[in-house]
Structure formats: C-alpha cells, structure tokens
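The sequence shown runs 1 to 115 under full-length UniProt numbering.
Just below is one structure, and these are the notes that go with it.
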Amino acid sequence: MVSRKLKEELGPDYDEGNIMILARVMHRGLDGRSHPMTRVLLYDNKATGEVVARAVDEEWLRLKTPREAAIWSICLYVSRSMSAEERTKISTAFDVVVTRSGLRSPESQRRTVTS
C-alpha cells in the first residue's frame, strides 16, 4: 500500500530501481492483535493447600502493557547514487504518504539514518 501511494505521490519521478519500501511486523505472539499474556497462567506457590492456576488480570493488562501486541515498522531506502535533492523529494513524499495514511501522527519525529 505504501509503495503504491508513494508511486502516486511522486508520479513520473518514482524510480523502482532506486526506491525500496520495507514493511515488517514483529509479533510478540498469537495473531499480532492478541496480547500473549492473555494466555499465561500464574501460580501462587506460597499458597497452602492446592495450587490453583489463575489467568492474568485483564485490567492489569489493559493498564500496564502496550496496546498492540506487535511492532510495526516501515522503512524507506533510496539509492546512494541519487542526488541530495532527489532524496529529499522522495523523503518528503514518503512523510506525506505515511502521515496521510494514518501510519504516523503529524506531531511525531521521523528517524533519519544517513551514511
């Protein structure tokens, strides 16, 4: 989706040979939306008598753990042979696409890695 929208945003300036979008999802477990702690059973080994398994408190999970059970990232890579002007134009268009798509809030800082 991001590649398609970036291609639309740049029009004829989009060069598939010099632009690559890498999107990845790192799941913490299950389907990417369910938190793995919902499947954990806890035991009170200090209790006297029979040890009973208990599920993690849903309210605790809601308050103390991240909302998403997965980490989503989208990276833009461009050819090092491109001019600084071309890279800036592509980077600006990428920022517009991910912000307009709701993948990043307008207030967030983008991470720029150069070498």
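We put the CB at the ideal spot given by N, CA and C, even for glycine.
Chain-order list of residues whose beta-carbon lies under 8 Å from that of residue i (same chain, five-residue window excluded)
i, result
"Ser101", "Met1, Val2 and Lys5"
"Tyr43", "Val51, Val52, Ala53 and Arg54"
"Met37", "Val56, Leu61 and Thr65"
"Pro106", "Thr99"
Closest by C-alpha distance to residue i, when choosing among the options
i, options, result
"residue 131", "Gly17, Glu9, Ser34 and Ser105", "Nothing can be reported for residue 131: it is not among the residues displayed for the chain, which extend from 1 to 115."
"His35", "Glu58, Lys46 and Glu9", "Glu58"
Residues of its chain near residue i, where Cβ-Cβ distance is below 7 Å and the 5 sequence neighbours each way are ignored
i, result
"Trp72", "Val25"
"Pro12", "none"
Pair within 9 Å by beta-carbon distance, residue i and residue j
i, j, result
"Ile90", "Leu22", "no"
"Ser79", "Ile19", "yes"
"Arg87", "Asp95", "no"
Cβ-based burial, residue i [other Cβ within 10 Å; buried from 16]
i, result
"Ala93", "buried"
"Val97", "buried"
Segments of 3+ residues assigned as beta strand (DSSP E) that fall wholly inside the stretch 38-97 = List check, beta strand (DSSP E) in window: 41-43, 53-55 and 70-78.
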